[in-house]
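Here is the structure we will look at.
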Amino acid sequence: MEKNITKVKILGQEYKISCPPEESDQVKDAANFLIRD
Numbered sequence: 530m531e532k533n534i535t536k537v538k539i540l541g542q543e544y545k546i547s548c549p550p551e552e553s554d555q556v557k558d559a560a561n562f563l564i565r566d
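Okay, so the sequence shown: first residue is 530 according to my numbering, each after it adds one.
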């Protein structure tokens, strides 16, 4: 079984999030929501 790792950057720190491939865009959207002005 291949793991899907999504990388996001929050406050200058890169995080690797393990999630199903179909949820990758949602994880990225959530990270972008946290850093927007």
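Each residue gets a CB set at the ideal place from its N, CA and C atoms; glycine is no exception. As the structure is a computational prediction, the values presented were derived from the model and not from experiment.
Could you give the first and the last residue of the continuous beta strand (DSSP E) run that contains residue i?
i	result
LYS557	Note, LYS557: premise wrong, no beta strand (DSSP E); alpha helix (DSSP H) at 553-564.
LYS545	542-547
MET532	Correcting the residue type first, residue 532 is Lys in the shown sequence and not Met. Premise fails: LYS532 is in no beta strand (DSSP E) and is neither H nor E.
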